[in-house]
């Protein structure tokens with residue numbers, strides 16, 4: 021009859037973690053650091069997107085209340101700095117350079133040519149891209165954590181199972197009571213990897229959805245801005 025491997029009685033997952041091999045504990049520490057980083061990114065991006073949402077609602081409300089481009093530019097003065105105001109200010113400043121005095125109803129102001137109109141749209145597209153990049157800052161960490169954590173967990177599991185089999189070979193025992201603790205310890209890293217990855221992936225997809233919504237509002241406002249120029253005969 022084969023002799024069982026000497027083993028420590030494991031009463032809880034915490035006992036397994038504390039009694040795990042150095043390699044397993046290193047994997048768990050890395051996953052813990054990933055979870056802290058993921059939580060920090062999620063909290064900061066939730067606050068960021070909430071602030072942008074409030075700023076966007078206020079900005080779009082002011083723009084809807086404005087009767088013309090001049091009133092809209094005056095309303096811009098009382099609005100707090102936000103991605104929306106920077107987009108509008110970028111387009112407005114470039115328009116003022118192309119057609120000096122147009123905002124103040126100067127009779128000498130000329131309408132924009134097709135080339136100038138395309139240049140205006142490119143300027144607004146550039147501002148939009150910069151604001152979207154700023155909003156997306158940090159989301160790459162959620163993508164990295166979401167994809168790497170399960171692989172780290174799997175690596176920890178493989179290492180744990182290898183150590184278990186090496187222990188079985190050394191003790192020349194195949195008793196299930198000797199194998200079970202090592203396998204259970206190894207599987208902890210897989211569970212930890214999934215526990216870190218799942219919230220990160222969910223949060224990443226949520227923020228990408230919010231980002232696309234903001235991008236759509238930017239593009240819609242830029243088109244409306246150019247449409248207003250045409251309506252007021254600035255084009």
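Numbering (the numbering used here), first residue to last: 21 to 255.
Heads up, the beta-carbon is just placed ideally off N, CA and C, and yes, glycines get one too.
- Taking all protein chains in view, the Cβ of residue 251 is surrounded by fewer than 16 other Cβ atoms within 10 Å, so the residue is classified as exposed.
- Taken atom to atom, the span from the alpha-carbon of residue 171 to that of residue 211 is near 11 Å.
- Here DSSP, grouped into helix, strand and coil, assigns residue 101 to coil.
- Residue 230 has its alpha-carbon roughly 42 Å from the corresponding atom of residue 41.
- Membership of residue 84 in the alpha helix (DSSP H) is indicated by the continuous run 42 to 85.
- Note that the C-beta distance between residue 216 and residue 167 is not below 8 Å.
- Residue environment: residue 205 is assigned as buried (16 or more neighbouring CB atoms within 10 Å of its CB, all protein chains considered).
- In terms of Cβ geometry, residue 214 and residue 173 form a close pair [threshold 8 Å].
- Taking residue 147 as the centre and dropping the five residues before and after it, the same chain places the C-beta of 106, 107, 110, 111 closer than 8 Å to its C-beta, in chain order.
- Residue 58 sits close to residue 162, with the two beta carbons spaced by under 8 Å.
- If you ignore the 5 residues before and after residue 62, its C-beta comes within less than 6 Å of the C-beta of 223, all in its own chain and listed in chain order.
- Inter-residue distance for residue 151 and residue 236 is about 13 Å (C-alpha atoms, whole angstroms).
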